[in-house]
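Okay, structure first, notes after.
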């Protein structure tokens, strides 16, 4: 076992998350996968165990001391939950995606109003950026916010929003000045129940089925001006800074999914007898398991290193956080595919959880920026870095 | 509402082995845990506190190591924990134990409700709960599967029976012993664990709870353990094969051979 040099508090966070995952989530995981219902009982258990506090500042009911960010804490929880069920883990993590903008850009009043309930887990948050024509190209956002006295009037539709319909607090990016392009976007806090704000149908997905994915529909939805996050025109900066801080969480999710798949595969390989011996005695299987285990540890090391670096206050983190998301999600896709292979025909049957892990792993290569976009980010950063160097 | 939960630290029976020569429990290296049934009692106490307000105090009697179980109860939502710890308590049977606990309960101050697990997984007697009620002269309801409501000096509870349940309206204070059907115990919370990390369990000696030492420990225990032994394993049963007719006639042959019929 690698010693990750966790502090006593970090070890506690990991242990509690593991206990919630094993005792509360594991027994009901298959049920929610099948019904595709939102697993409120699991979210409530996370709340009761204080897991929503790990990435919220102490001053607002969380556990993060001032001067730190809690990204590493969040990664520890997401990894442990994903080891058991990635769909429930993403429902937990997406609340963070929704409240990070409030932590980074909210004014004192907004923080006092929203963060304590989110830290208690009484309410969930969600983040609304993606639209039908604005995925990788976030510049294509068509949702508009037009000023009207002390309000803005929102019109448009956000698509594929995790926790959509279940969350109470939404951070939404809309165009306030389309002529200015990316400098014309603004971030808003929108509460569920605001007149003119409704939800589209729940999407049916390949994986992470117990998580809720819906459209956010705004029809002449009046948002008070005090709900603007940061300044008008700062919307893209809000979105980009938030994603830079949450991508390590996707890495942690991928590591958790892969770890769960490895656990399944090794346990199965030790029991499954063919040709008179357990298949783990076959070198063909041993080498697959060895590669899986090695790549998981390498990915985990990258998650932990970058998350710690972010918490320590490192300023320019876009490249590294893109690397974590890219490396870990590709790793998880490979490891889960191999885990299915170790199970052979049984692995393809839906009766075993290993095929679910493979379907769940796929989304980590897509959401919060496809891996192609992550490579763009890394490539651009390299070009910029080396431009200033002598050679 | 002041709620007292009595809990016992027990060896994890999934790990306990019996020494075949002395027929005693081999406790060395065996992990100690909160008696599983007492977890339901603690959870119910914490839920009642969340519903009605008040405090949950946890009480145990045992060696200094039992502080571990009490500290764990803090991480699970208890407000305070007390350990009755004195050589004079050693070797207690259920009568002496319930006497000592009843003295400890009075020392904790005013109380409305005392909750126990239905029995401990090591002794399996289920006698300490009713014993406490008897010593305190208050009502006892066993096998409680639901606490419907609690209000000024009164509680309505459901008591599990073999073929259903009874609804009991009872005066408070009272002692309830609860079954595992009553709730699903929570996992510890982070704040609870942090509080537990620095929490100091209060320990009380026999003198501090004004216990009459003639009624505690081995001296106060009319029950004497003569011998502990592992019951002889019964032989493996014989499975009869064939269709029903064949099985019936084979069974009849066996019974005739055995002289039963």
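Chains as they are written, first to last, in the numbering used here: chain S, 1 to 391; chain V, 392 to 652.
Note that the Cβ used here is the ideal one computed from N, Cα and C, for glycine as well.
Just so you know, these numbers come straight off a predicted model, no measurement behind them.
In this structure, residue 573 (chain V) keeps its C-beta atom at 8 Å or more from the C-beta atom of residue 541 (chain V).
Among the bridge pairs identified by DSSP, residue 57 (chain S) is matched with S:64. For secondary structure counted as the alpha helix (DSSP H) over 4 or more consecutive residues, the stretch 402 to 446 of chain V holds these complete runs in sequence order: 427 to 443. Of the residues assessed, residue 510 (chain V) falls on the buried side of the cut-off, its CB having 16 or more other CB atoms within 10 angstroms.
When V:394, V:432, V:425 and V:566 are compared, the shortest CA-CA separation from residue 443 (chain V) is found for V:394. With distances taken between CA atoms, residue 632 (chain V) lies nearest to V:640 out of V:640, V:626 and V:408. For residue 561 (chain V), the secondary structure class from DSSP, reduced to helix, strand or coil, is strand. Secondary structure note for residue 125 (chain S): its beta strand (DSSP E) is the uninterrupted segment 125 to 128. Residue 631 (chain V) has a beta carbon lying at 8 Å or more from every beta carbon in chain S. According to DSSP, residue pairing for residue 451 (chain V) in a beta bridge involves V:474. At a cut-off of 8 Å, the C-beta of residue 580 (chain V) has a neighbouring C-beta in chain S. Shown in chain order are the members of the stretch 582 to 601 of chain V whose Cβ falls below 9 Å from a Cβ of chain S: 582, 583, 584, 585 and 588.
For residue 291 (chain S), the enclosing alpha helix (DSSP H) stretches over residues 283 to 311.
Assigned with DSSP and collapsed to three states, residue 166 (chain S) falls in coil, not helix or strand.
Residue state for residue 392 (chain V) is assigned as coil, using DSSP reduced to three classes. If you compare the alpha carbons of S:281, S:85 and S:386 with that of residue 34 (chain S), the shortest gap goes to S:85. Rounded to the nearest angstrom, the gap between the Cα atoms of residue 495 (chain V) and residue 61 (chain S) is 36 Å.
Contact between the stretch 276 to 289 of chain S and the stretch 121 to 138 of chain S is absent, with fewer than three C-beta pairs closer than 8 Å. In the three-state reduction of the DSSP assignment, residue 621 (chain V) falls in the coil class, being assigned neither a helical nor a strand state. For residue 398 (chain V), there is no enclosing alpha helix (DSSP H), as DSSP marks it with neither H nor E. Note that the stretch 442 to 459 of chain V touches the stretch 475 to 494 of chain V; at least 3 beta-carbon pairs, one per stretch, sit closer than 8 Å.
If you draw a 10 Å sphere on the C-beta of residue 333 (chain S), you find 16 or more other C-beta atoms in it, and that means buried. One finds 45, 48 and 49 in chain S with Cβ atoms closer than 8 Å to the Cβ of residue 577 (chain V), taken in chain order.
Interface criterion met: the Cβ of residue 24 (chain S) is under 8 Å from a Cβ in chain V. Contact between the stretch 396 to 403 of chain V and the stretch 417 to 434 of chain V is present: three or more C-beta pairs spanning the two stretches fall below 8 Å.
Under DSSP, the beta-bridge partners assigned to residue 198 (chain S) are S:217. If only complete runs of 4 or more residues are kept, the stretch 253 to 283 of chain S shows no alpha helix (DSSP H) anywhere. The count of Cβ pairs closer than 8 Å, one atom from the stretch 507 to 524 of chain V and one from the stretch 473 to 486 of chain V, reaches three, so the stretches are in contact. Interface flag for residue 240 (chain S) against chain V is unset, since no Cβ pair is found closer than 8 Å.
Restricted to the stretch 86 to 172 of chain S, the beta strand (DSSP E) segments that are unbroken, complete and at least 3 residues in length are 125 to 128, 144 to 148 and 151 to 162, listed in chain order.
Cβ neighbours of residue 236 (chain S) within its own chain (closer than 6 Å, five residues either side excluded): 182 and 185. Counting along the chain, the unbroken alpha helix (DSSP H) around residue 331 (chain S) starts and ends at 318 to 343. For residue 568 (chain V), the secondary structure class from DSSP, reduced to helix, strand or coil, is strand. Not one beta carbon of chain V lies nearer than 8 Å to the beta carbon of residue 83 (chain S). For residue 377 (chain S), the secondary structure class from DSSP, reduced to helix, strand or coil, is helix.
Contact between residue 167 (chain S) and residue 145 (chain S) is ruled out by a C-beta separation of about 20 Å, above the 8 Å threshold.
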